[in-house]
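A.B. asks: The listed protein sequences correspond, in order, to chains A and B. The numbers in the working numbering rise by one with no breaks, and the one at position 4 of the first sequence is -16. Just add 3 to wherever you are in the second sequence, counting from 1, and you've got the working numbering.
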Amino acid sequence: GENVEQHPSTLSVQEGDSAVIKCTYSDSASNYFPWYKQELGKRPQLIIDIRSNVGEKKDQRIAVTLNKTAKHFSLHITETQPEDSAVYFCAASSSGTYKYIFGTGTRLKVLA
Amino acid sequence: GAGVSQTPSNKVTEKGKYVELRCDPISGHTALYWYRQSLGQGPEFLIYFQGTGAADDSGLPNDRFFAVRPEGSVSTLKIQRTERGDSAVYLCASGLAGGDTQYFGPGTRLTVL
C-alpha cells in the first residue's frame, strides 16, 4: 500500500547549523508534499509544501526539494534556532484522493 | 479568522463505552478529514468528507468507528464499544474543495481505561 518513510527519527544540531530531513514515498501518483511542524501537545502546523511540477521551493530559512524520479523529498532548515525544536512530519497526497500519508516524524532538537 | 476547533480536548472513558468527538472546520471549507495519531507516530488517515458525504472512509479500522457530517460543516466521529487500543489523539483537518492544503485542529486526546 501507500507508504512514506522518514529519516532520521531524531536529529540534534547546534544553533546556527543546518538540518535536513528526508522522506521517500511509494505511490507514484503522489503530487503534493506538505511539511508540518508539531510542538508538544499542539496541532500540526503547515510550514512549507511543494507540488510535483516544481523541483524546489524556498521560504526564508526553510526549503524543500523534490526528486520525482527517485520519489524523494527533503526539508532543509538553515540557521537553526531553538524555537525550531519540534517534531516535523512529511506527507504525500494525490489529487482525487487528497488524504495525506504521513511519515513517522523527526524530532529536531536545536541546542543553544 | 478562527481555525479548526475540536471538542472535547481530552476524553477519558472506560472500555466498552461509546464516545463522540466533534470537529468544527474553518468556515467555507467543504473538505474535512479525520486522522488518528498514536504516541510517537505520524497521523493516520481515517475518513474524508466532501460536503455531507464520505468520499473516502478506507482508513476506518473497523465498524466500531463511524463519522457523520449532516450539514456539511460540523463533523462527529463516533466510536462504539471502545477498546484500550483506541487511545490516541484524534485530529481533524479541513480544506477548500479541490485544494491540497489541510489545516489541522488541536485534536482530542482519547484515553480508554
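No residue lacks a Cβ here, since even glycine has one placed at the ideal position from N, Cα and C.
Under the assumption that Pro11 of chain B contacts Thr111 of chain B (Cβ atoms under 8 Å), give the Cβ distance between them as a whole number of angstroms.
C.D. replies: Within the second sequence, numbered from 1, the residue matching residue 11 of chain B stands at position 8. Within the second sequence, numbered from 1, the residue matching residue 111 of chain B stands at position 108. 6 Å between Cβ atoms; contact.
A.B. asks: To the nearest angstrom, how far is the alpha carbon of Phe48 of chain B from that of Asp(-3) of chain A?
C.D. replies: Position 45 of the second sequence, counted from the first residue, corresponds to residue 48 of chain B. Position 17 of the first sequence, counted from the first residue, corresponds to residue -3 of chain A. In a straight line, the C-alpha of Phe48 of chain B is about 34 Å away from that of Asp(-3) of chain A.
A.B. asks: Please classify Gly108 of chain B as buried or exposed, where buried requires at least 16 neighbouring CB atoms within 10 angstroms.
C.D. replies: Residue 108 of chain B sits at position 105 when you count from the first residue of the second sequence. Under this definition Gly108 of chain B is a buried residue.
A.B. asks: Comparing C-alpha positions only, which one of A:Val90, A:Ala92, A:Ser65, A:Thr84 sits nearest to His93 of chain A?
C.D. replies: A question about residue 93 of chain A goes unanswered here, because the residues of chain A that appear run from -19 up to 92.
A.B. asks: Who does Asn(-17) of chain A pair with in a DSSP beta bridge?
C.D. replies: Your numbering for residue -17 of chain A matches position 3 in the first sequence. For Asn(-17) of chain A, which the question treats as bridged, DSSP gives no partner whatsoever.
A.B. asks: From the DSSP output, read off the bridge partner residues of Pro46 of chain B.
C.D. replies: On the second sequence, residue 46 of chain B is found 43 positions in, with the first residue counted as 1. Note: Pro46 of chain B sits in no beta bridge, so no partner.
A.B. asks: Who are the neighbours of Asp29 of chain A on chain B, taking C-beta pairs under 8 Å?
C.D. replies: Stepping through the first sequence from its first residue, residue 29 of chain A is reached at position 49. Going along chain B in sequence order, the residues near Asp29 of chain A (Cβ under 8 Å) are Asp103, Thr104.
A.B. asks: Contact defined as beta carbons within less than 8 Å: I believe His32 of chain B pairs with Ser78 of chain B. What is the distance between those atoms, to the nearest angstrom?
C.D. replies: Here residue 32 of chain B corresponds to residue number 29 of the second sequence, with the count starting at 1. Here residue 78 of chain B corresponds to residue number 75 of the second sequence, with the count starting at 1. Rounded, the Cβ-Cβ distance is 11 Å, inconsistent with contact.
A.B. asks: Determine the extent of the beta strand (DSSP E) in which Ala55 of chain A is found, giving its start and end residues.
C.D. replies: By one-based count along the first sequence, residue 55 of chain A stands at place 75. Strictly speaking, residue 55 of chain A in this sequence is Leu, with Ala absent from that position. Element bounds for Leu55 of chain A: 52 to 57.
A.B. asks: Does any residue of chain E have a CB that is nearer than 9 Å to the CB of Leu113 of chain B?
C.D. replies: This model lacks chain E altogether, as its protein chains are A and B.
A.B. asks: Please say whether Thr86 of chain A and Thr(-10) of chain A have beta carbons closer to each other than 9 Å?
C.D. replies: Counting from one through the first sequence, the residue named residue -10 of chain A turns up at place 10. Counting from one through the first sequence, the residue named residue 86 of chain A turns up at place 106. Closer than 9 Å, so yes.
A.B. asks: For Asp39 of chain A, name the three-state secondary structure that DSSP assigns.
C.D. replies: For the purposes of this step, residue 39 of chain A is taken as the residue at position 59 of the first sequence. Asp39 of chain A: strand per DSSP, three-state reduction.
A.B. asks: Listed from N- to C-terminal order along the chain, which residues in the segment 3 to 34 of chain A have their beta-carbon within a distance smaller than 8 Å of any beta-carbon of chain B?
C.D. replies: So the list reads Tyr12, Pro14, Tyr16, Lys22, Arg23, Pro24, Gln25, Leu26, Asp29, Arg31, given in the order they occur along the chain.
A.B. asks: Is the beta carbon of Leu26 of chain A closer than 9 Å to that of Tyr106 of chain B?
C.D. replies: Counting from one through the second sequence, the residue named residue 106 of chain B turns up at place 103. Counting from one through the first sequence, the residue named residue 26 of chain A turns up at place 46. In contact: Tyr106 of chain B and Leu26 of chain A (Cβ atoms closer than 9 Å).
A.B. asks: Which bits of chain A does Ala34 of chain B rub up against, with CB to CB less than 8 Å?
C.D. replies: Numbered from its first residue, the second sequence carries residue 34 of chain B at position 31. The answer, in chain order, is Tyr78.
A.B. asks: Check whether the segment 69 to 78 of chain B and the segment 13 to 20 of chain B are in contact - that is, three or more C-beta pairs closer than 8 Å.
C.D. replies: Flag = no, the segment 69 to 78 of chain B and the segment 13 to 20 of chain B do not touch.
A.B. asks: Between Tyr16 of chain A and Tyr68 of chain A, what straight-line distance do the alpha-carbon atoms span, to the nearest angstrom?
C.D. replies: The sequence position of residue 16 of chain A within the first sequence is 36, counting from 1. The sequence position of residue 68 of chain A within the first sequence is 88, counting from 1. Their backbone Cα atoms lie some 6 Å apart in a straight line.
A.B. asks: Taking Ser73 of chain A as the query, report the chain B residues whose CB atoms sit under 8 Å from its CB, ordered along the chain.
C.D. replies: Working through the first sequence from its first residue, we reach residue 73 of chain A at position 93. Simply Asp103.
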